[in-house]
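What follows is a short report on a single structure.
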Amino acid sequence: MRRSLLTLALAGTLLTIGACDVSNGLDLSSQQFKSHTEIDALNETQAVGSPFTQYLADEYRDYANIEQDSMFDFADALHFARKGLAAAEGDAVMPEPISDWNLKPNQIDMLRMGRGELISAYDRGARELEPQASAVAQSRFDCWIEQEEENWDTPENVVCNNEFRVAMDALSAKMGHLPVPVEEVMAPVTDMSMDEAEPMNIEDAKYIVFFDFDSAVIEESGASVLDAVVAEFQKRDISTISVIGHADTSGTASYNEKLSKKRADAISGALEKRGVSVDALKVSSQGESLLLVDTPDGVREPANRRVEISFE
Numbered sequence: 003m004r005r006s007l008l009t010l011a012l013a014g015t016l017l018t019i020g021a022c023d024v025s026n027g028l029d030l031s032s033q034q035f036k037s038h039t040e041i042d043a044l045n046e047t048q049a050v051g052s053p054f055t056q057y058l059a060d061e062y063r064d065y066a067n068i069e070q071d072s073m074f075d076f077a078d079a080l081h082f083a084r085k086g087l088a089a090a091e092g093d094a095v096m097p098e099p100i101s102d103w104n105l106k107p108n109q110i111d112m113l114r115m116g117r118g119e120l121i122s123a124y125d126r127g128a129r130e131l132e133p134q135a136s137a138v139a140q141s142r143f144d145c146w147i148e149q150e151e152e153n154w155d156t157p158e159n160v161v162c163n164n165e166f167r168v169a170m171d172a173l174s175a176k177m178g179h180l181p182v183p184v185e186e187v188m189a190p191v192t193d194m195s196m197d198e199a200e201p202m203n204i205e206d207a208k209y210i211v212f213f214d215f216d217s218a219v220i221e222e223s224g225a226s227v228l229d230a231v232v233a234e235f236q237k238r239d240i241s242t243i244s245v246i247g248h249a250d251t252s253g254t255a256s257y258n259e260k261l262s263k264k265r266a267d268a269i270s271g272a273l274e275k276r277g278v279s280v281d282a283l284k285v286s287s288q289g290e291s292l293l294l295v296d297t298p299d300g301v302r303e304p305a306n307r308r309v310e311i312s313f314e
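Count along the sequence shown from 1, then add 2; that gives the number in my numbering.
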């Protein structure tokens with residue numbers, strides 16, 4: 003159950019319950035009714051938004067139903083149903099924060115590393131490039147952390163962990179090496195040191211910033227990618243950052259060439275504002291000539307509306 007004391011707002015009233023409420027025989031009828039209400043809403047909702055948020059809504063729908071109908075864990079069923087409803091509305095719901103769960107030190111180490119890999123994949127554009135694998139990875143991570151807090155020696159816990167790793171392997175195969183962000187590691191509780199990890203090869207590093215249709219505006223998710231680029235640039239012996247703009251096939255080829263250049267210029271300008279010298283930037287654009295996802299002419303494809311950033 004999420005936290006040993008999980009506070010839920012039910013019908014405008016705060017109801018605080020213990021982690022073992024079901025086994026202690028407390029009356030959870032109102033909470034059960036609420037979880038049924040929200041899961042019913044999620045079951046009937048037609049998800050909108052990106053492919054990632056739609057897949058994620060499906061994953062949380064399945065998990066919330068299992069928590070309610072098979073595990074009788076109505077608090078977590080409600081929690082994950084709410085995440086599913088948010089995803090169904092197109093919100094990019096994040097994987098569970100480690101600090102929200104009561105965990106042992108050895109559990110925290112494993113979960114921090116796993117969550118860090120997932121966030122690194124998101125920063126590389128995994129939600130756009132591999133939306134289904136990303137949704138599976140996030141739902142299995144949330145299942146894993148919930149089961150770890152329960153301290154159940156059950157097949158479900160092993161399955162969630164294993165399926166998370168399978169999904170992350172699929173993302174790594176597509177995105178390349180996924181270094182764990184420093185902020186995900188925080189204060190280590192074992193002798194494990196991130197300094198002992200093998201550093202990422204410069205030639206393996208590629209970052210992708212995606213754009214809305216017909217736009218060169220850098221969104222918040224893109225800004226976090228640029229922060230990661232600058233952090234890597236500053237701590238490594240890197241002489242050049244390559245910035246290449248791209249567009250999808252919607253619109254004319256000449257228009258898309260201009261649009262891809264605007265996107266590349268927006269990224270280079272943002273990198274300059276973050277302290278990167280203009281002399282270190284190699285900026286170019288490819289229009290619609292190098293598609294990440296092959297499409298016919300005239301197709302709006304989110305994965306093709308991008309700027310790719312690499313190091314030389």
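A virtual CB, placed ideally from N, CA and C, is assigned to each residue, including glycine.
(request) Using DSSP bridges, identify the partner residues of R308. (result) Working through the sequence shown from its first residue, we reach residue 308 at position 306. Paired residues: F212.
(message) Would V219 and I269 be called neighbours here (beta carbons separated by less than 7 Å)?
(response) The sequence position of residue 219 within the sequence shown is 217, counting from 1. The sequence position of residue 269 within the sequence shown is 267, counting from 1. No. Outside cutoff.
(request) Identify every residue that forms a DSSP beta bridge with I243. (result) Start at 1 with the first residue of the sequence shown, and residue 243 comes out as number 241. L283, F313, per the DSSP bridge assignment.
(request) Just mark P133 as buried or exposed, buried being the case when its beta carbon has 16 or more other beta carbons within 10 Å. (result) To locate residue 133, count along the sequence shown from 1; it is residue 131. It is buried - the Cβ of P133 has at least 16 other Cβ atoms within 10 Å.
(request) Count the CB pairs spanning the stretch 107 to 118 and the stretch 66 to 78 that are closer than 8 Å, and state whether there are at least three. (result) no
(request) With R129 as the anchor, note down where its alpha helix (DSSP H) starts and where it stops. (result) Mapped onto the sequence shown, residue 129 falls at position 127. Start and end: 128 to 131.
(request) Please name the residue in N104, Y57, P97, E148 whose C-alpha comes closest to that of E69. (result) Locating residue 69 in the sequence shown gives position 67, where the first residue counts as 1. For E69, the nearest C-alpha among the options comes from E148.
(request) Would you mind working out which of R265, D296, I311, A207 sits nearest A305, comparing C-alpha positions? (result) Sequence index remark: in the sequence shown, residue 305 carries index 303 (1-based). Looking at the Cα atoms, D296 is the closest of the given residues.
(request) Between the Cα of S241 and those of K275, V232, A249, G247, spot the shortest distance and give me the residue it belongs to. (result) Locating residue 241 in the sequence shown gives position 239, counting from the first residue. Of the listed residues, the one whose Cα sits closest to S241 is V232.
(request) Out of F212, R276, Y62, K275, state which residue places its alpha-carbon closest to the alpha-carbon of R307. (result) Taking the sequence shown and counting its residues from 1, the one referred to as residue 307 is at position 305. When each option's Cα is compared against that of R307, the closest is F212.
(request) Using alpha carbons as the reference points, say which of D71, A43, K264 lies closest to L87. (result) For the purposes of this step, residue 87 is taken as residue 85 along the sequence shown, with counting starting at 1. Nearest C-alpha to L87: A43.
(request) State the Cα-Cα distance for the pair S279 and E40, rounded to the nearest angstrom. (result) As a working mapping, residue 279 is identified with position 277 in the sequence shown. As a working mapping, residue 40 is identified with position 38 in the sequence shown. Each residue's Cα considered, the two are about 51 Å apart.
(request) Note down, in chain order, each residue of its chain lying with its Cβ closer than 7 Å to the Cβ of D299, except the 5 sequence neighbours on either side. (result) Against the sequence shown, residue 299 aligns to sequence position 297. The answer, listed in chain order, is T251.
(request) Look at the alpha carbon of F235 and the alpha carbon of A272, and state the distance between them as a whole number of angstroms. (result) What you label residue 235 is simply residue 233 of the sequence shown in a count that begins at 1. What you label residue 272 is simply residue 270 of the sequence shown in a count that begins at 1. Taking the straight line from one Cα to the other gives about 14 Å.
(message) Could you tell me the alpha carbon to alpha carbon distance between G92 and H248, rounded to whole angstroms?
(response) Looking up residue 92 in the sequence shown gives position 90. Looking up residue 248 in the sequence shown gives position 246. Looking at the two C-alpha atoms, the distance is approximately 25 Å.
(request) Output the distance between the C-alpha atoms of S52 and D144, rounded to the nearest integer angstrom. (result) Along the sequence shown, one-based indexing puts residue 52 at 50. Along the sequence shown, one-based indexing puts residue 144 at 142. About 20 Å.
(request) Indicate whether S312 and S244 have their beta-carbon atoms separated by less than 7 Å. (result) As a first step, residue 312 must be located in the sequence shown, where it is residue number 310. As a first step, residue 244 must be located in the sequence shown, where it is residue number 242. Closer than 7 Å, so yes.
(message) Please return the same chain residues whose Cβ sits closer than 6 Å to the Cβ of E303, not counting the five positions on each side in sequence.
(response) Translated into the one-based positions of the sequence shown, residue 303 becomes position 301. Result list for E303: D250, V295, T297, in chain order.
(request) Taking L228 and R276 to be in contact with their CB atoms under 8 Å, please state how far apart those CB atoms are, rounded to whole angstroms. (result) Translated into positions along the sequence shown, residue 228 becomes position 226. Translated into positions along the sequence shown, residue 276 becomes position 274. Confirmed, about 6 Å.
(request) Report yes if the CB atom of F82 is closer than 7 Å to the CB atom of A59, and no otherwise. (result) Residue numbering aside, residue 82 sits at position 80 when the sequence shown is read from its first letter. Residue numbering aside, residue 59 sits at position 57 when the sequence shown is read from its first letter. No.
(message) I'd like to know whether the C-beta atoms of A90 and A139 end up nearer to each other than 7 Å.
(response) The count along the sequence shown starts at 1 and reaches residue 90 at position 88. The count along the sequence shown starts at 1 and reaches residue 139 at position 137. No, the Cβ-Cβ distance between A90 and A139 is not below 7 Å.
(request) Out of Q56, L261, V301, D281, point me to the one whose CA is closest to Q288's CA. (result) Locating residue 288 in the sequence shown gives position 286, counting from the first residue. Checked all of Q56, L261, V301, D281; the closest Cα to Q288 is L261.
(request) Given a cut-off of 7 Å, decide if S141 and E61 are closer than it, judged by their beta-carbon atoms. (result) Taking the sequence shown and counting its residues from 1, the one referred to as residue 61 is at position 59. Taking the sequence shown and counting its residues from 1, the one referred to as residue 141 is at position 139. It is a contact, given that the beta carbons lie within the stated cut-off.
(request) Counting only the same chain and skipping the five closest in sequence on each side, list residues whose C-beta sits under 7 Å from that of A169. (result) In the sequence shown, residue 169 corresponds to position 167, counting from 1. Excluding positions up to five away in sequence, the list reads A135, V138, A139, R142.
(message) Using the Cβ count rule (16 or more neighbours within 10 Å means buried), how would you classify L292?
(response) One-based indexing of the sequence shown puts residue 292 at position 290. That one is exposed.
(message) Rounded to whole angstroms, what is the Cα-Cα separation between Y209 and L283?
(response) One-based indexing of the sequence shown puts residue 209 at position 207. One-based indexing of the sequence shown puts residue 283 at position 281. Cα to Cα, Y209 sits roughly 15 Å from L283.
(request) Identify, in the order they occur along the chain, each residue of the same chain with its Cβ nearer than 7 Å to the Cβ of P97, setting aside the five sequence neighbours on each side. (result) If you number the sequence shown from 1, residue 97 lands on position 95. Correct list, in chain order: R117, L120, Q140, F143, D144.
(request) Please classify N104: does DSSP put it in a helix, a strand, or coil? (result) Along the sequence shown, one-based indexing puts residue 104 at 102. Three-state DSSP puts N104 in coil, outside helix and strand.
(request) Output the boundary residues of the alpha helix (DSSP H) element that contains E61. (result) The residue given as residue 61 occupies position 59 in the sequence shown. Run containing E61: 53 to 71, per the alpha helix (DSSP H) assignment.
(request) Could you spell out the range, first to last residue, of the alpha helix (DSSP H) harbouring I220? (result) What you label residue 220 is simply residue 218 of the sequence shown in a count that begins at 1. Looking at the DSSP string, I220 is not in any alpha helix (DSSP H), and its letter there is neither H nor E.
(request) Compute the beta-carbon to beta-carbon distance between L105 and E150, rounded to the nearest angstrom, for a pair I have assumed lies under 8 Å. (result) As a position in the sequence shown, residue 105 is number 103, starting the count at 1. As a position in the sequence shown, residue 150 is number 148, starting the count at 1. About 6 Å separates the two Cβ atoms, so the contact holds.
(request) Taking only the alpha-carbon atoms, compute the straight-line gap between K85 and G224 and give it to the nearest angstrom. (result) Residue 85 sits at position 83 when you count from the first residue of the sequence shown. Residue 224 sits at position 222 when you count from the first residue of the sequence shown. K85 and G224: Cα-Cα distance of roughly 23 Å.
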